[in-house]
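What follows is a set of notes on a single structure, which appears directly below.
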């Protein structure tokens, strides 16, 4: 009997209001992917065109506890690249300005950014300029190159302990 790999879903929220930190499920795009440890590209193919000004993009990376190794994030319109972040060429830059429910780390000797998703809604605000947001509002596709797998056993226990420690420190 074939065992089917576990899956999760990434969600991209389009901010169109005056508050760049407010996002609505009504503007959300969803893309499922496998938690099989293999490199894959997920695509949000239909961003815009939208009439309202685009004020921000929030990416909820998964709907469950898992490990995601990011290789690249890219917005395209046809053959044109509108914005790109790649772990191999920007080893010290994060592709977002704020995050919650996730821990990030550089994997020694690898061209990836490791993201441990700690709950069912790990999310971040993508670091995009107003100019890029304006261009994306005219229509674009988001491609994310990644590897993802479930966290289990010692990895999960270690992250749970770290998350509890961080939460206790923040509460003080």
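Numbering (the numbering used here), first residue to last: 1 to 172.
Beta carbons: idealized from backbone N, C-alpha and C, even for Gly.
Every value quoted in this text rests on a predicted model; they were computed, and no experiment measured them.
Report the partner residues of residue 90 according to the DSSP bridge assignment. Its beta-bridge partners do not exist; DSSP assigns none.
Within 10 angstroms of the Cβ of residue 92, are there 16 or more other Cβ atoms? Answer buried if so, exposed if not. Residue burial is scored here from C-beta neighbours: residue 92 has fewer than 16 other C-beta atoms within 10 angstroms and is therefore classed as exposed.
Quick check: the Cα distance between residue 40 and residue 136, rounded to an integer number of angstroms? Their Cα atoms are separated by approximately 23 Å.
Going by C-alpha to C-alpha distance, which of 48, 85, 119, 152 sits closest to residue 10? When each option's Cα is compared against that of residue 10, the closest is 119.
Pairwise C-alpha distance: residue 124 and residue 98: Cα-Cα distance, rounded: 5 Å.
Could you check whether residue 70 and residue 122 sit closer than 7 Å to each other, using their CB atoms as the reference points? Not in contact: residue 122 and residue 70 (Cβ atoms no closer than 7 Å).
In the structure shown, what three-state DSSP assignment does residue 116 receive? Three-state DSSP puts residue 116 in a strand.
DSSP three-state assignment for residue 136, whether helix, strand or coil: Correct three-state label for residue 136: helix.
Using C-beta distances below 6 Å, list every residue in its chain close to residue 186, excluding the 5 sequence neighbours before and after it, in chain order. In this structure the chain extends from 1 to 172, so residue 186 is not present and cannot be described.
Per DSSP, residue 81 is paired with what? Partner(s): 76.
Just to confirm my understanding: we take residue 145, look at its own chain, exclude 5 residues before and 5 after, and list those with CB closer than 6 Å. What are they? The residues are 41, 71, 72.
Taking all protein chains shown into account, do 16 or more other C-beta atoms lie within 10 angstroms of the C-beta of residue 95, making it buried, or fewer, making it exposed? By the neighbour-count rule (16 or more Cβ atoms within 10 Å), residue 95 is buried.
For residue 6, three-class secondary structure by DSSP: In the structure shown, residue 6 sits in coil (DSSP, three-state: anything other than H, G, I, E or B).
Span of the beta strand (DSSP E) holding residue 43? Residue 43 -> beta strand (DSSP E) spans 36 to 47.
Opening and closing residue of the beta strand (DSSP E) in which residue 123 lies: Counting along the chain, the beta strand (DSSP E) containing residue 123 begins and ends at 123 to 126.
Return helix, strand or coil for residue 60, following the three-state DSSP convention. Under the three-state reduction of DSSP output, residue 60 falls in the strand class.
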